[in-house]
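Here the structure is laid out as structure tokens; the discussion comes afterwards.
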Amino acid sequence: MRVNYVSYWETAAGQSMPPWIALALVSMQRALGDNFTLLTPGSLEHCIDASILGKDWRFEPLTFSMDKGIEAIVARSDFIRMAYVHRHGGAWIDADSILLRDPTSLLFPTGLDERLHWHSECLFASLPGNADLAEALATGLAVETHAWGNPGGIKELVARSPHQLVPISPSVCDPGYRPVYNFDSCAVMRRTDIAVSDFLLHDVSLLKLYNTWFKRTVTRDETVAEFLDEGTLLSRIFLHIQPDRGYWLGESERLIQHCG
Numbered sequence: 000m001r002v003n004y005v006s007y008w009e010t011a012a013g014q015s016m017p018p019w020i021a022l023a024l025v026s027m028q029r030a031l032g033d034n035f036t037l038l039t040p041g042s043l044e045h046c047i048d049a050s051i052l053g054k055d056w057r058f059e060p061l062t063f064s065m066d067k068g069i070e071a072i073v074a075r076s077d078f079i080r081m082a083y084v085h086r087h088g089g090a091w092i093d094a095d096s097i098l099l100r101d102p103t104s105l106l107f108p109t110g111l112d113e114r115l116h117w118h119s120e121c122l123f124a125s126l127p128g129n130a131d132l133a134e135a136l137a138t139g140l141a142v143e144t145h146a147w148g149n150p151g152g153i154k155e156l157v158a159r160s161p162h163q164l165v166p167i168s169p170s171v172c173d174p175g176y177r178p179v180y181n182f183d184s185c186a187v188m189r190r191t192d193i194a195v196s197d198f199l200l201h202d203v204s205l206l207k208l209y210n211t212w213f214k215r216t217v218t219r220d221e222t223v224a225e226f227l228d229e230g231t232l233l234s235r236i237f238l239h240i241q242p243d244r245g246y247w248l249g250e251s252e253r254l255i256q257h258c259g
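Read in order, the letters of the sequence shown correspond to residues 0 to 259 in numbering that gives the first Met the number 0.
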């Protein structure tokens, strides 16, 4: 069964793509091949409605600090994802996700239908024309700001319409390591004393990366080569997927050039 996956990346002015994002996107290309579409600012005009592109998307006041340029990009991407899947169908996957292999048979064992296949705003899918996505887009266009992680009130729509939902289990991206790997415990990815085999205790095909945390806590800009040389758990996970360091360097360079 064929499912097209889509993600989006836009680098804020004056910044560079973080190495972990470049590597994560390469992992998607590696796992999905032609079934992966990476949207960039230059490609949106032909696939997203002008009403989405023309609005100044903003968040409600955040409880944490974030670069204003990055904040604007994240707010916009919240609606780019819903608009794309509503128009074209397919599966949205956040750019800060790692694919160890093609997850389609696990995520969508019977394929997609008109219902919303839902894990979170970071991972969802449908055939074109999903009603919940349409309502969330309309709500977002009608208001000035939206809540972090809940564009257009999509989470309330999901809770309200369980009959229109195909849940994607949280276990699909649980590597088995304890404490449970999530945003609150993701600092484990910077550790150098944990073997990949002690972290990937479950045979998962995808992992979350939590780019927001990484961006907040990074101490210096790094190249992809420097990042791979650090010996952190995260860098070793990429080399576990594909041991050829040259592969990651070459493909990351091509991807960064593609994204401008």
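Here a beta-carbon is modelled for each residue, glycine too, at the ideal position from N, C-alpha and C.
None of the values given here were measured: they were computed from a predicted structure.
{"Item": "Taking Y209 as the reference, which of E44, H162, C121 has the closest Cα?", "Value": "C121"}
{"Item": "Check whether the Cβ atoms of L136 and M65 sit closer than 8 Å, and answer yes or no.", "Value": "no"}
{"Item": "Would you grab the beta carbon distance between Q172 and L206 for me? Rounded to a whole angstrom, and I think it's under 8 Å.", "Value": "What sits at residue 172 in the sequence shown is Cys, not Gln. Yes, C172 and L206 are in contact; Cβ-Cβ is about 6 Å, under 8 Å."}
{"Item": "For Y7, write down the residues that DSSP places opposite it in a beta bridge.", "Value": "L38"}
{"Item": "Exposed or buried, N181, counting other C-beta atoms within 10 Å across all chains shown (16 or more means buried)?", "Value": "exposed"}
{"Item": "What residue ranges within the stretch 64 to 99 form continuous alpha helix (DSSP H) runs of no fewer than 4 residues, ordered along the chain?", "Value": "67 to 87"}
{"Item": "Using only alpha-carbon positions, find the residue among P17, R159, R235 that is nearest to I193.", "Value": "R235"}
{"Item": "Give the range of the alpha helix (DSSP H) segment to which H239 is assigned.", "Value": "232 to 240"}
{"Item": "With H, G and I counted as helix, E and B as strand and the rest as coil, what does DSSP make of H145?", "Value": "strand"}
{"Item": "Buried or exposed for T218, going by 16 or more other Cβ atoms inside 10 Å?", "Value": "exposed"}
{"Item": "Using only the alpha-carbon positions, how far apart do D197 and T138 sit?", "Value": "44 Å"}
{"Item": "Please confirm if the stretch 105 to 114 is in contact with the stretch 122 to 133, defined as three or more CB-CB distances below 8 Å between the two stretches.", "Value": "yes"}
{"Item": "Which residue's Cα is closest to the Cα of S170: G13, W56, L200, M188?", "Value": "L200"}
{"Item": "So which of T191, P174, F213 has the shortest CA-CA distance to D202?", "Value": "P174"}
{"Item": "Would you grab the beta carbon distance between F58 and H145 for me? Rounded to a whole angstrom, and I think it's under 8 Å.", "Value": "6 Å"}
{"Item": "State the Cα-Cα distance for the pair T39 and Y7, rounded to the nearest angstrom.", "Value": "6 Å"}
{"Item": "In this structure, does DSSP put L24 in helix, strand or coil?", "Value": "helix"}
{"Item": "Could you give the distance in angstroms between the alpha-carbon of R1 and the alpha-carbon of I72?", "Value": "30 Å"}
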